[in-house]
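Notes to accompany the following structure.
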Amino acid sequence: MSLADRNNPYNFDAFLAWRQAVDYYADDAFIRKVVRRFTGAEADRVDAAARAVSRKASYRWRDLAERIALPENRPFMMHYDGHHRRIDRICRPGETELLEREVFAEAFFSEKTSPWEKL
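Heads up: the sequence shown begins at 1 in this note's numbering, then just goes up one per residue.
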């Protein structure tokens, strides 16, 4: 078995820079063609809605989800308060609540939202 080489020039900087700059919808030609092909008369409206959501999901929501995924930011159960009274409260980080509010504000699950936009 060989040991790791400290002078290995390989790193993930190029991938991380690409991931930081990618727009999930705008940079994916295939999904844009699929939307154009199958949405028919709604294509322009669905495309505009997908671009708007993609800007949020590709940058802001991705960063929030990354912060939430850290073990120290996990939801936890608080069983007792400072006076040793039983409360059984679920404590969630602020990022979780913020992301939840922003996603549900988009009304993806509303009947007013087109099924194509829900995808």
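All C-beta atoms, glycine included, are put in the ideal place defined by N, C-alpha and C.
Give the secondary structure of residue i by DSSP, where H, G and I count as helix, E and B as strand, and everything else as coil.
i	result
ARG85	coil
ALA48	helix
LEU3	coil
ASP63	helix
VAL34	helix
ASP13	helix
LYS118	helix
ALA107	coil
VAL53	helix
Give the single residue among the options whose Cα lies nearest to the Cα of residue i.
i	options	result
ALA65	ALA29, ALA105, PRO93	PRO93
In chain order, what residues of the same chain lie with their CB nearer than 7 Å to the CB of residue i, ignoring the 5 residues before and after it?
i	result
TRP116	THR39, GLU42, VAL46
ALA26	ARG51, SER54
THR113	ALA107
Pull the bridge partners of residue i from the DSSP assignment, please.
i	result
PHE76	CYS91
Look at the Cβ atom of residue i, then the Cβ atom of residue j, and state whether they are nearer than 8 Å.
i	j	result
VAL35	ALA50	yes
GLU95	ARG67	yes
ARG86	TYR80	yes
TYR24	ALA48	no
Considering only residues of the same chain and omitting the five flanking positions on each side of residue i, which have a CB-CB separation below 6 Å?
i	result
ARG89	MET78
PRO9	none
For residue i, collect the residues of the same chain with a Cβ closer than 8 Å to its Cβ; drop the 5 residues on either side in sequence, then sort them by chain order.
i	result
VAL103	TRP61
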